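S.K.: Quick note: to get our numbering, add 103 to the position in the sequence shown (first position is 1). Below: one structure in structure tokens.
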Amino acid sequence: MKLHIHGIGWIYGDRFAPGIPEEEGVFSSCGQPVTPPPRRALFSSYDKRFGRLDTFSKAGLTAAAMAFRDAGLAPTKEKRDIGIIAATVFGSVFTDLEYCR
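So, in structure tokens, the structure goes:
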């Protein structure tokens, strides 16, 4: 198997961006809470499914979107051989349970 990485997306505290961060020390401290990115930071149109994701899933989706931007991969309706993995232990189960109450 060959793996080709063409883009990077990073999440840290209340900041997220494509590419390698230029800000020195951006990853130097641990334990800072991650603020969920706003929906409009990722989608050009409203997508209500984003609101039901847990914080970690939103962070993973944001990092994936930033990696696509960093790689110069514009949105398209055509299929492409691209894979991105973002996983959590629970997925959005707690968010779903809260939504259904």
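Glycine residues also receive a C-beta, built at the ideal position from the N, C-alpha and C atoms. These numbers were taken from a predicted model, which means no experiment stands behind them.
Take Tyr149 and list the residues in its own chain whose beta-carbon comes closer than 8 angstroms to its own, dropping the five residues that flank it on each side.
M.R.: Cβ neighbours of Tyr149 beyond the five flanking positions: Arg142.
S.K.: Classify Gly202 as helix, strand or coil using the three-state DSSP reduction.
M.R.: One detail in the question is off: residue 202 reads as Tyr in this sequence, not Gly. Of the three classes helix, strand and coil, the one that applies to Tyr202 here is helix, per DSSP.
S.K.: Can you give the beta carbon distance from Thr198 to Asp157, rounded, assuming they're within the 8 angstroms contact cut?
M.R.: Right, their Cβ atoms sit about 5 angstroms apart.
S.K.: Is the separation between the beta-carbon of Ala170 and that of Ile187 shorter than 8 angstroms?
M.R.: Yes; because the gap between Cβ atoms is below 8 angstroms, this pair is in contact.
S.K.: Around the C-beta of Leu200, are 16 or more other C-beta atoms found within 10 angstroms, so that it is buried, or is it exposed?
M.R.: The residue is exposed, with fewer than 16 neighbouring Cβ atoms inside 10 Å.
S.K.: From this set, Leu164, Arg155, Phe159, which residue's C-alpha is nearest Ala144's C-alpha?
M.R.: For the residues Leu164, Arg155, Phe159, the minimum Cα distance to Ala144 belongs to Leu164.
S.K.: Apart from the five residues just before and just after Phe153, which ones in its own chain have a Cβ nearer than 8 angstroms to its Cβ?
M.R.: Closer than 8 angstroms at the Cβ level, and outside the excluded window around Phe153, lie Arg142, Leu145, Phe146, Lys161, Leu164.
S.K.: Could you pull out every residue in the same chain whose Cβ sits closer than 6 angstroms to the Cβ of Ala168, ignoring the five residues on either side in sequence?
M.R.: Cβ neighbours of Ala168 beyond the five flanking positions: Leu145.
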